[in-house]
Structures are given as C-alpha cells and as structure tokens.
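So the sequence shown is numbered by my numbering: it starts at 21 and just counts up by one. Note that beta-carbon positions come from the ideal geometry of N, C-alpha and C, so glycine has one too. Values in this document were obtained by computation on a predicted structure and should not be read as measured data. Here the structure is laid out as structure tokens; the discussion comes afterwards.
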Amino acid sequence: MEFWEGVYSGKVRELPWYLPGLDGDVGRYLTSHRIRKGRLLDIGAGPGTQAAALAKRGFEVTATDISRTAVEKASLRFPRVRFIQDDILESRLSGEFDVILDRGCFHVLPPEKRKSYVVQIRSLLAPKGVLLLKCFSDRQPGTEGPYRLSESELRAQFGDFEIEELCHTRFEGTLREKPHALFMACRRRKTN
21 MEFWEGVYSG KVRELPWYLP GLDGDVGRYL TSHRIRKGRL LDIGAGPGTQ
71 AAALAKRGFE VTATDISRTA VEKASLRFPR VRFIQDDILE SRLSGEFDVI
121 LDRGCFHVLP PEKRKSYVVQ IRSLLAPKGV LLLKCFSDRQ PGTEGPYRLS
171 ESELRAQFGD FEIEELCHTR FEGTLREKPH ALFMACRRRK TN
C-alpha cells in the first residue's frame with residue numbers, strides 16, 4: 021500500500037495510465053452491448069477519470085482504490101462519484117454490481133494473489149453482470165511495470181466465467197508508445 025501512496029502523491033496526470041476520457045475498449049463494449057445504466061464498480065480507480073466518465077453515461081458508480089491519497093484526490097475532482105478506499109483482495113464491499121471495471125488492477129497482482137481476486141469478483145458481480153478487464157499483454161516487451169498476461173492465462177484464471185470477448189489491443193494513457201494489452205469481457209456462468 022505504501023508504494024501506491026507514493027505513486028499518487030505526485031502529479032496524477034503524468035501517470036502512464038492516466039486517461040482523461042473513457043477507455044476506448046470499454047466505451048466500445050458498453051455501446052455495442054447497449055449497456056447504459058446499472059451499478060458499476062471501478063476497481064483500482066486511481067485518478068478516477070474512468071469512474072467519472074461512466075457516471076456521466078448514467079451508471080451508479082462506486083470507485084475503489086487501495087491508495088487513500090488516490091481516493092482523496094479523485095473525490096475532490098469528481099464529487100458525483102462515490103470513492104472508497106478498499107483492497108479488492110480483502111474487500112469490505114457488499115452487494116452486487118452489474119458491471120465491474122478493472123483497468124489495470126489485476127495485472128499488478130502477484131500470481132499467487134489472483135485466485136483470491138477471482139473469488140472476490142465472483143462475489144461482487146451480479147448474476148447477469150459483466151467484468152471488463154484490461155491488462156498488459158505478453159506481447160509487451162520488457163519486464164518493467166505490470167505483469168504481462170497471455171490469453172491462455174486469462175482463460176485459465178477466469179475458467180468459471182463465460183468469456184464473451186478477449187482481444188489484443190493497446191493500453192491508452194500518457195506514454196508515447198501505447199503498451200500492448202488484452203481486453204476481456206466475461207460473465208458469471210449460470211448455475212442451477
């Protein structure tokens with residue numbers, strides 16, 4: 021947690037993942053599937069720009085981050101959004117969400133923590149809800165920054181989910197060369 025406090029104590033608009041508007045893959049998915057409202061959870065919301073853009077679209081947004089500083093800054097900038105300091109691995113949230121957005125949280129988790137993450141997501145996602153996840157792809161060269169994930173790793177981690185879409189894309193932000201990414205949309209499998 022101390023690491024993230026340091027990250028968000030600086031100029032948020034200079035962070036590599038800072039994006040003033042809605043992520044293109046997220047917007048495209050929501051538009052093409054005609055998802056216009058509902059309860060939405062933004063995990064690892066950081067600067068809060070995705071949460072704010074989604075609230076403008078009509079969603080009832082709860083945005084979380086592990087960093088108290090990130091939550092405080094985002095709350096001041098976007099007072100219409102409910103920001104909460106929360107750790108998704110030990111979440112205190114309750115209720116179910118129609119949409120869960122993760123634009124960069126899963127790919128910073130060490131492999132041994134990912135199963136706990138998936139359990140939490142399953143418990144927070146409404147039966148017909150959708151998880152929208154964007155992470156670094158194994159096509160991204162180097163080792164600095166987030167973990168790189170392959171399509172097969174995502175399919176294995178989210179094997180209990182119905183994957184609607186899994187595609188290669190780019191991670192929009194402030195970097196000149198946009199990192200290789202994967203975008204996934206998946207739903208809880210129906211249970212009897």
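Using a 10 angstroms sphere on the CB of R54, the tally of other CB atoms stays under 16, which defines it as exposed. In this structure, the CA atom of L195 is about 8 Å from the CA atom of W37. Taking the Cα positions, E192 is about 20 Å away from S52. With three or more CB-CB distances shorter than 8 Å, the region 126-140 counts as touching the region 163-179. Taking 8 Å as the upper bound for CB-CB distance, L61 and F117 are in contact here, some 4 Å apart. By the neighbour-count criterion, in which a residue is buried when 16 or more other Cβ atoms sit within 10 angstroms of its Cβ, S157 is buried. Pairwise C-beta distances place the region 75-85 in contact with the region 99-110, as three or more of them are shorter than 8 Å. Listed in chain order, the alpha helix (DSSP H) elements of length 4 or more contained wholly in the region 98-146 are 134-144. Between V138 and Q177, the CB-CB gap stays under 8 Å.
Cα atoms of P67 and K93: separation of roughly 7 Å, rounded to the nearest angstrom. It is roughly 25 Å from the alpha-carbon of V91 to the alpha-carbon of P199. Residue range G44 to S52 is occupied by the alpha helix (DSSP H) that includes T51. Nearest to R88 by C-alpha distance, out of K135, Q70, P147 and G64, is G64. Listed in chain order, the alpha helix (DSSP H) elements of length 4 or more contained wholly in the region 167-196 are 171-177.
G58 sits in a strand when the DSSP states are folded into three classes. If you draw a straight line from the Cα of E184 to the Cα of F203, it is about 11 Å long.
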